[in-house]
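Below is one structure; the comments refer to it alone.
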Amino acid sequence: MTSVRRVVLRDLLRRRPVLTVFAVAGAAVALACELLVPPSLADVVASMSGRGVATGPLITLAAVLGIGLVASVVAGQVTVRGMEETTARHRRDLLEKTLRLPVRQRDFSPGDLLTRFSSDANAPAQLGFGAIGVLITAAGSVVAMVALWFLDPWLTGLVGAELLVSWFAVRVFLRRVGDAETRYRTARGRLAALLVDAHAGVRTIRAGRTRDRELRRILGPLTDLRSAGLDAWRSQREIGWRMGLLMPIQEVALLSVAGFGVMSGRLGGGEVLAALFYSRLALGLLEQVDALVGMVYSAANSRRLLEVHDAPTTPVPVRPRAIPAGDGEIRFEDVGVGPLRGVTFTVPAGTHVALVGRSGSGKSSLVGAVGRLSDIESGRVLLDGVDVRDAEPSSLRREVAYAFDEPSLFGVTIGDAIAATAPLSGSAVARAAGQARADLFVRRLPDGYGTSADHLPLSGGEIQRLGLARALARPARVLVLDDALSNVDTATAAEITRAIGSAWRSRTALVVAHRVVTAAGSDLVAWLDEGGLRALAPHHELWRDKGYRELFAQGEP
């Protein structure tokens, strides 16, 4: 798995080096000014006399405080800017990675991906820029300890002992809270996934009167969520009372040792103030407990983010080839995909082939392999002589257009949705809609093709026709209809089949067929049965086979 540390260093040193430099420089200058405050204050105290305070030490102290304030503001602004840009970059990377995942991947549900995209994408930025603050504070603690040593070794030993005791308590706390946060995020991801699934199937839940059962199922992860949350709160409670008890003891011990130093003559008035300031700076690392907790949370969330980045994607060709000019000949050579094995046949360029077979016979897997929506396990699929696995992805996507049984419409308007995959004029959009028999109902909408695509009261068949229009509008050489007419009535399906046969006569088409009219309107029918290709022939020839006729009689294809 990709290292969280490597990702954070890449963000800071390669992607945002300028912002990182300014953030570190600003924090370092602010720290340097803070370290200069004790001696400057000591000079002010030492310069006191009966006539007042000398102006030189006061000016120096004011300058140190002013420069420190400006540097702190600059560091804060740069840090915010860096976190925003880094988070935006990780969200873009996550989106790109998600789009490269296999179409039928089952590792990440939509709800789980949503939580990773919304709340986990900012984790590397919080971890990286939070680490800068903690490291600068730690450096300040070291410098303060050195300065304190030169003032009073006794105070240095006391502060060192206090840091050591406190660190053991904080270390145990961070380990426990980190484990609890990991469990909490995992449970929250499961809960989000169940919620999204329930929202998608709300009609089924209502129709089946399964609300109470679904509620129990959806809320199941709350047990783990509550347990992880309580563990985190218990850890915070324990560290809270321990640190709350330790801090007053530390203060009393420091004042006691400093007081004995004054009484014994080791320390003067200004030196006492400087020593107390340095002691506070040295112990400042303990004030970073909240920041350390945030880093632990961010590390856990970053690991969830990297789980997606490390997931296998659709393989990219080592030496991608552009698909040469051609008419769309498709060859399946000994193809194994899904339940199919050893499928071999050729779809001549410009031929319309219907694929039929019982449910689960592998029709969608086979047509999906043409555009690499599903990768084959053996054999080859060639488009105009080029193995689709070697084809340059954008070239392949340009030449293969798909229409699905449940199309998702993208775009602000209906016209945008049809032209989503290719820049089209209004007349081209209307022509594609006409071929899909969608033009008539679109023109009846309030604003025609300018009607908003959100929350339109469209039937399943109307949505399918819009998805089909989007595919027909593409200037591709291959059209694949994957069950894209299942919700369209038989008469309309026959009209669409004839329109496609006319409009795509010179281009290749693969159609997953469920109706006799669709199979009869194709040039050839590929009959898939028992894990292979049973026959490739015109519909009228296959119709003589009783088994073929039974497919349509039983509504199986």
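Remember, our numbering sits 773 above the position in the sequence shown when you count from 1.
From the three backbone atoms N, C-alpha and C, an ideal C-beta is built for every residue, glycine too.
Local Cβ density within 10 Å of residue i, reported as buried at 16 or more and exposed below that
i                  : result
tryptophan 1300    : buried
aspartate 893      : buried
glutamine 1237     : buried
histidine 1312     : buried
alanine 953        : buried
phenylalanine 1050 : buried
tryptophan 1277    : buried
valine 930         : Residue identity check: residue 930 is glycine in the sequence provided, not valine. When all chains shown are included, glycine 930 counts as exposed.
aspartate 784      : buried
leucine 937        : exposed
threonine 793      : buried
phenylalanine 923  : exposed
arginine 1007      : exposed
valine 853         : exposed
serine 1232        : exposed
threonine 1263     : exposed
glycine 981        : exposed
One or two residues paired with residue i in a DSSP bridge
i                  : result
serine 1151        : Gly1109
phenylalanine 1118 : Phe1105
aspartate 1302     : Gly1305
arginine 1094      : Ala1164
aspartate 1004     : Per DSSP, none; premise fails for aspartate 1004.
leucine 1297       : Val1126
alanine 1310       : Val1298
valine 1173        : Val1251
leucine 1186       : Before going further, note that residue 1186 is threonine rather than leucine in the sequence given. According to DSSP, threonine 1186 bridges with Ser1225.
threonine 1281     : Val1251
leucine 1156       : Ile1103, Val1159
Contact belief for residue i with residue j at Cβ below 8 angstroms, rounded distance in angstroms
i               : j              : result
alanine 917     : leucine 1054   : 4 angstroms
leucine 998     : alanine 965    : The pair is not a contact, with the Cβ atoms about 11 angstroms apart (cut-off 8 angstroms).
glycine 1123    : glycine 1101   : 7 angstroms
threonine 860   : arginine 789   : Contact flag wrong, Cβ pair sits at about 11 angstroms.
isoleucine 1191 : leucine 1239   : 6 angstroms
valine 1110     : serine 1147    : 6 angstroms
aspartate 1255  : valine 1285    : 5 angstroms
aspartate 1083  : serine 1151    : With a Cβ gap of about 26 angstroms, aspartate 1083 and serine 1151 do not count as contacting.
alanine 1310    : valine 1298    : 7 angstroms
glycine 855     : alanine 796    : 6 angstroms
isoleucine 909  : alanine 801    : 6 angstroms
serine 1075     : alanine 896    : 4 angstroms
valine 1116     : leucine 1128   : In fact, because the Cβ distance is near 11 angstroms, the residues do not count as touching under 8 angstroms.
threonine 1186  : alanine 1226   : 6 angstroms
alanine 1005    : tyrosine 957   : 7 angstroms
alanine 1211    : glutamate 1235 : 7 angstroms
leucine 1056    : valine 907     : Actually they do not touch by this definition, with Cβ atoms about 14 angstroms apart.
serine 1052     : leucine 928    : 6 angstroms
Through-space distance from residue j to residue i, alpha-carbon basis
i                  : j                  : result
glycine 993        : threonine 983      : 15 angstroms
valine 1261        : serine 1279        : 25 angstroms
alanine 1266       : serine 1167        : 31 angstroms
glycine 1207       : arginine 873       : 33 angstroms
arginine 1217      : alanine 848        : 58 angstroms
glycine 1067       : leucine 900        : 8 angstroms
alanine 1072       : alanine 815        : 42 angstroms
serine 1132        : phenylalanine 1325 : 12 angstroms
phenylalanine 941  : threonine 833      : 39 angstroms
alanine 1293       : tyrosine 1175      : 21 angstroms
serine 1134        : glycine 1223       : 41 angstroms
glycine 884        : alanine 920        : 53 angstroms
glycine 1320       : glycine 962        : 47 angstroms
glutamate 1165     : serine 845         : 50 angstroms
leucine 831        : valine 818         : 10 angstroms
arginine 1204      : aspartate 1296     : 24 angstroms
alanine 803        : glutamate 857      : 22 angstroms
phenylalanine 1177 : glycine 1199       : 23 angstroms
leucine 1078       : threonine 1087     : 19 angstroms
threonine 871      : arginine 865       : 10 angstroms
aspartate 985      : phenylalanine 881  : 26 angstroms
glycine 1221       : arginine 1247      : 21 angstroms
arginine 1114      : valine 1159        : 21 angstroms
leucine 786        : alanine 898        : 12 angstroms
glutamate 1172     : arginine 1250      : 5 angstroms
proline 1097       : aspartate 1157     : 7 angstroms
valine 1089        : aspartate 1163     : 8 angstroms
threonine 828      : serine 813         : 12 angstroms
serine 1181        : glycine 1099       : 30 angstroms
alanine 798        : serine 776         : 26 angstroms
Residue ranges of each alpha helix (DSSP H) run of no fewer than 4 residues wholly in the stretch 882 to 923, ordered along the chain?
883 to 888
Scan the stretch 1192 to 1222 and note each continuous alpha helix (DSSP H) run of 4 residues or more that stays entirely inside, going in chain order.
Here the runs fully enclosed are 1199 to 1208, 1212 to 1216.
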